[in-house]
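Step one of this worksheet: look at the structure below.
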Amino acid sequence: MKNFLKDFFYLDNRDDEFDEEEVAQPKQQARPQQQQPQQQQRPQQVQQLKQQPVPQQMATPRKVQQPVQRKTQQVASNLPPQQVAQMQVVEKKANNVVSMNRTTKVNLFEPRMYSEAQNIADCIRNKKSAVVNLQRIDKENGKRIIDFLSGTVFALDGEIKKIGIDIFLCTPDNVEIDGAISEYYYEEDKY
1 MKNFLKDFFY LDNRDDEFDE EEVAQPKQQA RPQQQQPQQQ QRPQQVQQLK
51 QQPVPQQMAT PRKVQQPVQR KTQQVASNLP PQQVAQMQVV EKKANNVVSM
101 NRTTKVNLFE PRMYSEAQNI ADCIRNKKSA VVNLQRIDKE NGKRIIDFLS
151 GTVFALDGEI KKIGIDIFLC TPDNVEIDGA ISEYYYEEDK Y
């Protein structure tokens, strides 16, 4: 059974050589005849393209990409050198350039009313960090503002962190907060 499948899928070497010679000779003779008419038609096509007006969109210069490097590799196998296939490997150069010209802004807010929370949320939505000082607002409205900002930060995949007594840092998703500030409890009786 194994030999039957092997013989079914693989031709022995004598059959391969015979088939290649028959097929290769007619193709070589047919190619030169096909290429001659194409070479005669090409100058006519070029003249037709030159006569057509260039659209305004194509007349503007465009950014030219860097050429792609190409390498050829041979496939390793135990076949004779005539039957070894060649493969093209395309390598692209990655441009890993980071713009250092932009400055990052951190906005400071001291809301006195709950309605000012919308301005803080807009700042975070515009990819800017915000430091919110809640020392000048009553505890109930301060808690409402923090709840509102927590929802905003969560929806935008940002972070919110307490950095002091009633002071919070809200950052968008493009800013990471690293580290922690320990809580310091001031006791008047100690001193």
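With UniProt numbering, letter number 50 in the sequence shown gets 50, and the count goes up by one each step, no holes. From the three backbone atoms N, C-alpha and C, an ideal C-beta is built for every residue, glycine too.
Sequence-distant residues of the same chain with beta carbon closer than 6 Å to residue i, five excluded per side
i: residue 144; result: 114
i: residue 148; result: 117
i: residue 134; result: 142, 166
i: residue 175; result: 129
i: residue 108; result: 131
i: residue 153; result: 160, 170
Contact set for residue i: own chain, Cβ-Cβ below 7 Å, skip 5 residues either direction
i: residue 156; result: 124, 125, 172, 173
i: residue 104; result: none
i: residue 158; result: 124, 170, 171, 172, 173
i: residue 110; result: 133, 136
Extent of the continuous beta strand (DSSP E) to which residue i belongs
i: residue 150; result: No beta strand (DSSP E) contains residue 150, which is instead part of the alpha helix (DSSP H) from 139 to 155.
i: residue 107; result: 106 to 109
i: residue 160; result: 159 to 164
i: residue 167; result: 167 to 171
Where residue i sits in the DSSP three-state scheme
i: residue 182; result: coil
i: residue 133; result: strand
i: residue 177; result: coil
Own chain partners of residue i with C-beta closer than 8 Å, once the 5 adjacent residues on each side are dropped
i: residue 168; result: 131, 132, 134, 146, 149, 160, 161, 162
i: residue 106; result: 128, 129, 130, 131
i: residue 177; result: 159, 161, 169, 171
i: residue 164; result: 181
i: residue 151; result: none
Start and end residues, alpha helix (DSSP H) containing residue i
i: residue 125; result: 117 to 125
Integer-rounded CB distance, given that residue j should sit under 8 Å from residue i
i: residue 120; j: residue 170; result: 7 Å
beta-carbon residue i near the ligand PLP non-hydrogen atom, thresh 7 Å
i: residue 116; result: What this structure holds is no ligand at all, so the ligand PLP is not there to describe.
CB contact check: residue i to chain C, cutoff 8 Å
i: residue 127; result: This model lacks chain C altogether, as it is built from one protein chain only.
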